[in-house]
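So that you can map any letter, position 169 of the sequence shown is 169 in full-length UniProt numbering, and since no number is skipped, the others follow by simple counting. Take a look at the structure set out below.
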Amino acid sequence: MSWHNWGVFCGIVFFLCAIPGPNMLHVLASVARVGMARGLATMLGCLSAVVLVLVASAAGLGAALAASPHLFGVLRVCGAVYLFWLGIQAWQEGGRVPPSAPVAAPNTPAAQAESPQHGSAWGRWRKGFWVGLSNPKLLLFAAAFFPQFIAPHAPQLPQFVVLITTFALLEMLWYGVYAVGGYTLAQQLQRPAIRRVFNRITGCVFMGFGAVLLRGRA
């Protein structure tokens, strides 16, 4: 793979990762609710799923899914159902504010205290991971996109490692950008009325992503 091809790949992926999707929305909402430090587990969960999907695609799973429409359909429905579930959860949360939130700004020690509403780091990682796996079309995209930048007469494994690592770093960069947006929202979300509106908008958007996925256009 030439430096030119790698540069083109970086440019395309940079803008692709910037597009708002379930992962970015989940990162923004998580950081807005629990703060930047605790939101890191969510980011790592989403990123782990993306890397797993890219590795699976490089190993040939994307081609296998393309050849098996029924299996792909089952995965697509499962992903859509999970996004709907997240949307319903966010809607039902309404304007509830964690007990530690009303008396402290997000960057103070009091606001960083764990509470049952915040959940564990493992729980946040796990939820981010499943959000990252919710759209199986990433497998098909990677299976079609990555080979365009692979030099066929050179060893393929090092090239896939470079592409997947580059994709992961750019994805994490945009998680950070969206996390900053969530952090700036956190102070306003201490007000129950604003938090209710935010949670219900978030819920509707997640359910919208699920509906789009079900229609096969995600």
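From the three backbone atoms N, C-alpha and C, an ideal C-beta is built for every residue, glycine too.
query, result
"Could you round the C-beta distance between LEU86 and VAL55 to whole angstroms and report it? I think they count as a contact, below 8 Å.", "With a Cβ gap of about 25 Å, LEU86 and VAL55 do not count as contacting."
"Look at VAL27 and MET43 and say whether their C-beta atoms are less than 7 Å apart.", "yes"
"Looking at C-alpha atoms only, which residue of GLY208, GLN159, ALA90 is the closest neighbour of ALA29?", "ALA90"
"Between which residues of its own chain and LEU83 is the CB-CB distance below 8 Å, once the five residues before and five after are set aside?", "PRO22, VAL131, SER134, PHE206, MET207, PHE209, GLY210, LEU213"
"My output table needs one value for PRO20: the three-state DSSP class, helix, strand or coil.", "coil"
"Locate the alpha helix (DSSP H) running through ILE194, then write down its first and last residues.", "192-214"
"Is it buried or exposed for ILE164, if we count other Cβ within 10 angstroms and need 16 for buried?", "buried"
"Could you check how far apart the C-beta atoms of ALA151 and MET1 are, in whole angstroms? I think they sit under 8 Å.", "5 Å"
"What whole-angstrom Cβ distance do ALA143 and SER57 have, given they're in contact under 8 Å?", "5 Å"
"By DSSP, does SER120 sit in helix, in strand, or in coil?", "coil"
"Give the single residue among ASN199, GLY79, ARG196 whose Cα lies nearest to the Cα of residue 281.", "This structure cannot settle anything about residue 281, because the visible part of the chain is limited to 1 through 218."
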